[in-house]
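*Asks:*
Residue numbers (UniProt numbering), protein chains in the order written: chain A, 1 to 414; chain B, 1 to 414.
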């Protein structure tokens, strides 16, 4: 994989130019893209800024995020060739930092569950996950050092885990969703994919102008970690649990304090509310597409929007109240247990075989609904070459601590 | 003015067809628009639905709200002729209810403070206010029975008060801001303009599928009203205070219980934080326009975005914390005082003379930041024919109570 920090170090010391770094990316794309199929389009002649803290860093932009210089097709024929007027603020910010938004990456249609044709670079017979399929696959294949995705259920953490890269879903709205095609305004969250935790942390710190998110020069102290198994939904596969145990053991070796943490019943209720909020909002957010292009919607999405017509407004309001109380309750869980971060599986197991399904987001949905930062990192690989990840979760706004704990585990595993 | 409920009653009883109702609107536009200048464009041949609960209701859509069938120019040459792909969900919802999004209404550029050429229909020598200038003026001039606007500071309540119409800024995100050009994602709120409180309440109830927002058939009981003077900012003009006293006396005659309510110091601090949050987010939300079309930005907006480059991220984060605590504190104010709603001035006075300024939002900004529902209604008229309004404010999510109390005052004044 291409490490953002490594590329930047080579540029900073004059061993590589920004244009040369983009050239490396182009070579990698030429070599890997035919097999992986992670990209919708590549800018043939992008402006490569000569300087800036991300100069020379080519970025993949999920194709539901507006770009003024490249089409934005939402993974759907309804938007084929669509050219937004403006860059989304996250893209404008990357340009200002010197980065090169080089390619649009594949997305499931409107970031729902209908699959893309993208293949998992670790094993092309398996899905890369979704909905940010192309962003995860492009970073995993070594085609790009940084990519933007979005998560409404598990669309950053799950594909990152399936592809064996680091994925960060920051606190809700730490990165603005302006100019990002909406599925659910209470849930949609912009996130990042990178080769390692330090790469992702560096990019997030620059994008949000919060230097504290970057890994501190001094050791932040060993974290207190709560191990959570999310018993409110079906258990993960044994290999996923083994990866969680391996990550926990590594953390302990590095000095972390571990304890098991059971989430009380209200979190199961909140988990169950996620689809109500998501689908109710989606049927409003995509009302124009549903009214005018229903036949062009893919089957999973069309069925979900049809079902969503039946969600009563009081059920939506009740679900929002449950989520609101669970968000407050989660603060108490952190406060009363004394843990700094939660450690749990990133997905039910490795990437499923075939491309018919993008996998299951059940270990991600609660955390998206809570709006808390999640960082997934690769821990193990199955016999079939498929990665297994764990995710580190912190309090709302405590993104720096989630990144620091993920880095500690990453180092301990190395 | 054209009452939505009156038009609907005439359609329901067969005295008017939906097409006939739209025809009345066209006649009114032909008669009044040359003087007022509230409209950017009018659909020459719209689809008029034969039925639906808002069939025959022509709606004005502020020109920062996406429409698939009409251009959306954001009040700026940068977006001249721009055609969004999709209707914003609020527009799609109106169409589904049978309404006819007939016209785009003028907006200050990107909904900031640089004025439009729109005139106040009550006195063409005065501003209609902003930023939702055209929506307020079109309803006031009797050109449209319903119009959509947005408020980030005071852009619904202030122009409604200046033009002598009812304006509703609902609870934050009761109406989705998807497909609405973003200025500040924490503040932007979609609102409505109509001839009377019952007209606005009926439209809001249908748009949000919350029948409880419509005025109850039975008397909800006389409200307990807290009179608030917002002493954290400069005092309003004497005629604004006289209108507040007149509205309070009318409420008391109708059985309401009144008490003076002083807001403690944290609300002054929150008030002072509004510009930090708004302008910091605007400089991100409009980053593409600032980077690529700075010279085409109007002077107030350009200056604000230039200043906003200097707002440090920690100052923004601190402002958000102050706002968060004030939102909780406002719940306590309602709870401890026992008041159902707050009554305060809608603006510092009548619409200023000339078109150089859209007026001052200082009596609106705190409530936008709190996310609470605000309803303004006309109370009095100055010797120059300029309306004076008061606003009724309720707890977050208690939009129905704000509307019911506003209706009680409206009736008592009649």
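Glycine included, C-beta positions come from ideal geometry on N, C-alpha and C.
These figures come from a predicted structure and were not determined experimentally.
For residue 300 (chain B) and chain A, any beta-carbon pair shorter than 9 Å?
*Replies:* Locating residue 300 (chain B) in the second chain gives position 300, where the first residue counts as 1. No, residue 300 (chain B) lies away from the interface with chain A (no Cβ there is under 9 Å from its Cβ).
*Asks:* If we count Cβ pairs, one from each stretch, closer than 8 Å, do we get three or more for the segment 31–44 of chain B versus the segment 97–105 of chain B?
*Replies:* Segments in contact, yes.
*Asks:* Around the C-beta of residue 344 (chain B), are 16 or more other C-beta atoms found within 10 angstroms, so that it is buried, or is it exposed?
*Replies:* For this step, residue 344 (chain B) is matched to residue 344 along the second chain. Buried, by the Cβ-count rule.
*Asks:* With the cut-off set at 9 Å, would you say residue 161 (chain B) and residue 37 (chain B) are in Cβ contact?
*Replies:* Against the second chain, residue 161 (chain B) aligns to sequence position 161. Against the second chain, residue 37 (chain B) aligns to sequence position 37. Contact: no.
*Asks:* Tell me which residues share the same chain as residue 365 (chain A) and place their Cβ nearer than 7 Å to its Cβ, disregarding the 5 neighbours each side in the sequence.
*Replies:* The residue given as residue 365 (chain A) occupies position 365 in the first chain. Excluding residues within five positions, the ones whose Cβ falls inside 7 Å are 153, 154, 271 and 274.
*Asks:* Using three-state DSSP, classify residue 224 (chain A) as helix, strand or coil.
*Replies:* Position 224 of the first chain, counting from 1, holds the residue named residue 224 (chain A). Of the three classes helix, strand and coil, the one that applies to residue 224 (chain A) here is strand, per DSSP.
*Asks:* When DSSP labels each residue in this structure, what does residue 58 (chain A) get in the three-state scheme?
*Replies:* If you number the first chain from 1, residue 58 (chain A) lands on position 58. Looking at residue 58 (chain A) - three-state DSSP - the assignment turns out to be strand.
*Asks:* Can you list, in chain order, the residues of its chain with a C-beta nearer than 7 Å to that of residue 289 (chain A)? Leave out the 5 residues immediately preceding and following it.
*Replies:* Here the question's residue 289 (chain A) lines up with position 289 in the first chain. Excluding positions up to five away in sequence, the list reads 78 and 297.
*Asks:* Please identify, using Cβ separations under 9 Å, the residues of the segment 277–307 of chain A that lie next to chain B, in order along the chain.
*Replies:* So the list reads 281, 284, 285, 286, 287, 288, 289, 290, 291 and 292, given in the order they occur along the chain.
*Asks:* Taking DSSP's pairing of strands, which residues face residue 342 (chain B) in a bridge?
*Replies:* Residue mapping note: residue 342 (chain B) aligns to position 342 of the second chain, counting from 1. BP columns for residue 342 (chain B) point to B:226 and B:393.
*Asks:* Flag this pair as touching only if the segment 56–66 of chain B and the segment 14–34 of chain B have three or more C-beta atom pairs under 8 Å; answer yes or no.
*Replies:* Segments in contact, yes.
*Asks:* To which residues does DSSP link residue 259 (chain A) through a beta bridge?
*Replies:* Start at 1 with the first residue of the first chain, and residue 259 (chain A) comes out as number 259. Beta-bridge pairing links residue 259 (chain A) to A:226.
*Asks:* What residues are listed by DSSP as bridge partners for residue 65 (chain B)?
*Replies:* Taking the first residue of the second chain as 1, we reach residue 65 (chain B) at position 65. Looking at the DSSP assignment, residue 65 (chain B) forms a beta bridge with B:180.
*Asks:* Applying a beta-carbon distance threshold of less than 7 Å, which residues of chain B neighbour residue 80 (chain A)?
*Replies:* Locating residue 80 (chain A) in the first chain gives position 80, where the first residue counts as 1. By Cβ distance, chain B contributes nothing, its closest Cβ being about 11 Å from residue 80 (chain A), past 7 Å.
*Asks:* Would residue 41 (chain A) count as contacting chain B if we go by Cβ distances under 9 Å?
*Replies:* Mapped onto the first chain, residue 41 (chain A) falls at position 41. It does not; no Cβ of chain B falls within 9 Å.
*Asks:* With DSSP collapsed to three states, give me the class of residue 175 (chain A).
*Replies:* Reading the first chain from its first residue, position 175 is the one you call residue 175 (chain A). DSSP places residue 175 (chain A) in coil when its eight states are reduced to three.
*Asks:* Do residue 329 (chain B) and residue 267 (chain B) have their beta-carbon atoms positioned less than 9 Å apart in this structure?
*Replies:* On the second chain, residue 267 (chain B) is found 267 positions in, with the first residue counted as 1. On the second chain, residue 329 (chain B) is found 329 positions in, with the first residue counted as 1. For residue 267 (chain B) and residue 329 (chain B), yes; Cβs fall inside 9 Å.
*Asks:* Which residues in the same chain have their Cβ closer than 7 Å to the Cβ of residue 51 (chain B), if we skip the five residues on either side of it in sequence?
*Replies:* The residue labelled residue 51 (chain B) in the question sits at position 51 within the second chain. Cβ neighbours of residue 51 (chain B) beyond the five flanking positions: 98.
*Asks:* Residue 280 (chain B) lies in the alpha helix (DSSP H); which residues open and close that run?
*Replies:* Locating residue 280 (chain B) in the second chain gives position 280, where the first residue counts as 1. Unbroken alpha helix (DSSP H) run through residue 280 (chain B): 265–285.
*Asks:* Helix, strand or coil: which one does DSSP assign to residue 84 (chain A)?
*Replies:* Along the first chain, read from residue 1 onward, the residue named residue 84 (chain A) stands at position 84. Residue 84 (chain A): coil per DSSP, three-state reduction.
*Asks:* What's the gap between the Cα of residue 294 (chain A) and the Cα of residue 280 (chain A)?
*Replies:* Taking the first residue of the first chain as position 1, residue 294 (chain A) is located at position 294. Taking the first residue of the first chain as position 1, residue 280 (chain A) is located at position 280. Distance between the alpha carbons of residue 294 (chain A) and residue 280 (chain A) is about 17 Å.
*Asks:* Measure the alpha-carbon distance for residue 184 (chain A) versus residue 368 (chain A) and round it to whole angstroms.
*Replies:* Counting from 1 along the first chain, the entry for residue 184 (chain A) is found at position 184. Counting from 1 along the first chain, the entry for residue 368 (chain A) is found at position 368. Each residue's Cα considered, the two are about 11 Å apart.
*Asks:* Assuming contact is defined by CB atoms lying nearer than 9 Å, are residue 415 (chain B) and residue 287 (chain A) in contact in what I supplied?
*Replies:* In the structure as shown, chain B begins at 1 and stops at 414. Residue 415 (chain B) is therefore absent and cannot be evaluated.
*Asks:* Following the continuous beta strand (DSSP E) through residue 193 (chain A), name the residue where it begins and the one where it ends.
*Replies:* Within the first chain, residue 193 (chain A) is the residue found at index 193, counting from 1. 189–194 is the span of the beta strand (DSSP E), which, as asked, contains residue 193 (chain A).
*Asks:* Under the three-state reduction of DSSP, which class applies to residue 241 (chain B): helix, strand or coil?
*Replies:* Counted from its first residue, the second chain places residue 241 (chain B) at position 241. Residue 241 (chain B) falls in the helix class under three-state DSSP.
*Asks:* Is it true that the segment 335–352 of chain A meets the segment 304–316 of chain A, where meeting means three or more beta-carbon pairs spaced less than 8 Å apart?
*Replies:* No, they do not touch.
*Asks:* Check whether the segment 231–247 of chain A and the segment 191–203 of chain A touch, using three or more Cβ-Cβ pairs below 8 Å as the test.
*Replies:* Output reads no: the segment 191–203 of chain A does not touch the segment 231–247 of chain A.
*Asks:* With 16 other CB atoms within 10 Å as the buried threshold, where does residue 373 (chain B) fall?
*Replies:* Mapped onto the second chain, residue 373 (chain B) falls at position 373. Burial call: buried.
*Asks:* Could you name the residues of the same chain whose beta carbon sits closer than 8 Å to that of residue 208 (chain B), not counting the 5 residues immediately before and after it, in chain order?
*Replies:* For this step, residue 208 (chain B) is matched to residue 208 along the second chain. So the qualifying residues of the chain are 170, 174 and 175.
*Asks:* Please list the residues of the segment 189–201 of chain A that have a C-beta atom closer than 8 Å to any C-beta atom in chain B, keeping them in chain order.
*Replies:* The residues in question: there are none.
*Asks:* Indicate whether at least one CB of chain A lies closer than 9 Å to the CB of residue 178 (chain B).
*Replies:* In the second chain, the residue the question calls residue 178 (chain B) occupies position 178. Chain A contact via Cβ: present.
*Asks:* Nearest to residue 132 (chain A) by alpha carbon, out of A:407, A:379, A:244 and A:358?
*Replies:* Residue 132 (chain A) sits at position 132 when you count from the first residue of the first chain. For the residues A:407, A:379, A:244 and A:358, the minimum Cα distance to residue 132 (chain A) belongs to A:358.
*Asks:* Please name the residue, chosen from B:130, B:215 and B:150, that lies closest to residue 187 (chain B) on a Cα-to-Cα basis.
*Replies:* Your numbering for residue 187 (chain B) matches position 187 in the second chain. Nearest C-alpha to residue 187 (chain B): B:150.
*Asks:* Could you pull the DSSP bridge partners for residue 169 (chain A) from this structure?
*Replies:* Position 169 of the first chain, counted from the start, is the residue given in the question as residue 169 (chain A). Note: residue 169 (chain A) sits in a beta bridge opposite A:374.
*Asks:* Considering only their Cβ atoms, is the gap separating residue 128 (chain A) from residue 454 (chain A) smaller than 9 Å?
*Replies:* The displayed coordinates of chain A run from 1 to 414. Any statement about residue 454 (chain A) would go beyond what the structure contains.
*Asks:* So with Cβ pairs under 9 Å, would you call residue 345 (chain B) a contact of chain A?
*Replies:* Mapped onto the second chain, residue 345 (chain B) falls at position 345. No, because no Cβ of chain A sits closer than 9 Å to the Cβ of residue 345 (chain B).
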